[in-house]
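Notes follow the structure.
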Amino acid sequence: MYNSTVMEHFTNPRNVGEIENPDGVGVYGSPVCGDMMQIMIKVEDEKIVDAKFKTFGCGSAIASSSMATEMIIGKTIDEALAITNKQIVDELGGLPPVKIHCSVLADHAIKSAIYDYAQKNGKEYAGLEGFD
Ligand code: FES
Ligand code: FES
């Protein structure tokens with residue numbers, strides 16, 4: 001059911017945990033099932049220099065958060081905001097169709113963390129409409 005990249009990120013997830021004094025914290029829960037993901041980011045000069053996650057969800061959600069944190073570290077805020085859940089799924093080499101929605105948690109948790117950073121620093125970014 002799962003390809004080797006997904007299995008690898010599930011069994012050996014990157015960037016699990018919390019950041020001390022994060023610049024942004026995002027939590028996103030699926031309205032359907034209640035599964036939840038938290039992503040913390042550290043930002044320097046508009047660049048995400050660190051990211052950590054905690055996920056209460058299935059293997060796909062854990063693999064998606066692991067991959068998503070890998071994808072945003074080193075990116076600018078704008079670049080990170082441009083990442084879609086489809087790109088996360090593509091980087092994972094695909095997820096089973098019934099599990100695609102789990103990757104949406106990661107995409108939303110990233111945006112929620114950036115929204116938090118923006119709020120705290122009086123910044124505005126395109127692509128954060130509807131977050132709070
Ligand atoms: Fe709930 Fe994937 S996070 S099924
Ligand atoms: Fe909840 Fe997959 S069942 S996110």
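Under this note's numbering, the sequence shown has 5 at position 5, and the numbering climbs by one with no breaks. A virtual CB, placed ideally from N, CA and C, is assigned to each residue, including glycine.
With DSSP as the reference, identify every bridge partner of residue i, one or two as the case may be.
i: Gly136; result: The shown model of the chain, from 1 to 132, leaves out residue 136, and the question about it has no answer.
i: Val16; result: Phe53
i: Glu44; result: Lys47
When the Cα of residue i is compared with those of the options, which residue comes out closest?
i: Asp107; options: Cys33, Val16, Phe131; result: Phe131
i: Ile41; options: Pro31, Ile77, Val104, Asn12; result: Ile77
i: Val49; options: Tyr125, Ala126, Thr55, Asn15; result: Asn15
i: Val6; options: Gly122, Lys75, Ala61; result: Ala61
What does a CB cutoff of less than 6 angstroms around residue i pick up in its chain, not counting 5 residues either side in sequence?
i: Asn85; result: Ser103, Val104, Asp107
i: His9; result: Ala63, Ser66, Met67
Excluding the 5 residues flanking residue i on each side, which residues of the same chain have their C-beta closer than 7 angstroms to its C-beta?
i: Ser112; result: Gly26, Val27, Tyr28, Phe131
i: Asn3; result: Gly93, Gly94
- Mind listing, in chain order, the continuous beta strand (DSSP E) runs of no fewer than 3 residues lying wholly within the region 46-109? 47-56
- How do the region 26-43 and the region 115-122 stand: do at least 3 beta-carbon pairs fall below 8 angstroms, yes or no? yes
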